Amino acid sequence: MNGIGFIKKLYICALCVLVTALLGLSGVVLCTVPVYAGNSNDSDPAFNEEPVPMEVSYPDGEYSIEVNMTGGSGRASISSPTYLTVKDGRAYARLLWSSVHYDYVRVGNKTYYNLAEDGGNSVFEIPVLAMDRSFPIIGDTTAMGDPVEIRYELTFYQESIQSKGAIPQEAAKRVLIVAGCIIVFGGILDYFVNRKRRRA
């Protein structure tokens with residue numbers, strides 16, 4: 437194989453890697469958990485209490501965790517695994533929705549607003565009140581026009597906790613770095629091959 441043919445194949449491989457990684461970062465290949473019909477219930481005493489994130493034995497930092505959610509309209513989904521953040525020995529999770537229409541989430545008597553920028557899918561960071569058993573939240577959606585509060589049940593699984601590298605977006609970031617290195621290497625190789633041809 438001549439040098440130019442090798443470089444072309446190298447660039448094609450890098451392009452395929454980049455497309456795969458970008459799809460992962462955009463959420464196209466995210467694993468999602470479907471949600472099913474349910475409504476909010478403001479009379480539930482759980483929404484009158486201060487939300488206290490549970491204590492965990494992990495060092496402060498970011499991890500991944502599996503989460504299951506039930507309730508809702510059946511049209512939205514959340515990403516699983518998702519980010520688990522440990523701050524001062526307590527657990528918080530990031531909810532990554534498949535919809536742009538959620539503007540806030542209620543946990544206990546606290547309201548958490550959408551962190552997404554530039555019109556991206558709704559993102560919330562909430563306290564994890566329990567693991568291996570469900571706890572209720574309320575999500576407010578504007579997908580049907582007027583705002584509607586819908587009740588969900590979240591269950592986080594403690595045995596599933598591992599490094600944040602298990603999250604699809606993190607894997608995609610690593611792939612982007614590798615693809616970038618391939619492109620740089622290919623550019624350098626292309627320069628020296630062309631230089632050698634000009635001298636021949």
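To convert, note that position 36 of the sequence shown is 472 in the numbering used here; the numbers rise steadily by one, no gaps. Built from N, CA and C at the ideal position, the CB exists for glycine as well. Treat the numbers as computed from the prediction; the structure is a model and nothing was measured.
To the nearest angstrom, report how far apart M580 and V522 are at their CA atoms.
35 Å
Local Cβ density within 10 Å of Y499, reported as buried at 16 or more and exposed below that
buried
Run of the beta strand (DSSP E) containing T577, from where it starts to where it stops:
F571 to T577
Exposure label - E518; buried when at least 16 CB within 10 Å:
A small correction: the amino acid at residue 518 is Thr; Glu does not occupy that position in the sequence shown. T518 is buried by the Cβ-count criterion.
Which residue comes first and which comes last in the beta strand (DSSP E) that contains Y499?
G497 to G507
Residue(s) in a DSSP beta bridge with L590
M505 and F571
By how many angstroms is the C-alpha of D539 removed from the C-alpha of E553?
12 Å
I562: first and last residue of the uninterrupted beta strand (DSSP E) it sits in
V559 to P563
For P489, which option in L565, A529, T506 and V541 has the closest C-alpha, if you only look at C-alpha atoms?
L565
Around the C-beta of P563, are 16 or more other C-beta atoms found within 10 angstroms, so that it is buried, or is it exposed?
buried
Using the beta-carbon count (16 or more within 10 Å), is G555 buried or exposed?
exposed
What span of residues does the beta strand (DSSP E) with K600 cover, start to end?
Premise fails: K600 is in no beta strand (DSSP E) and is neither H nor E.
Buried or exposed: D496, going by 16 or more other Cβ atoms within 10 Å of its Cβ?
exposed
Counting only the same chain and skipping the five closest in sequence on each side, list residues whose C-beta sits under 6 Å from that of S596.
I501 and E502
Classify E595 as helix, strand or coil using the three-state DSSP reduction.
strand
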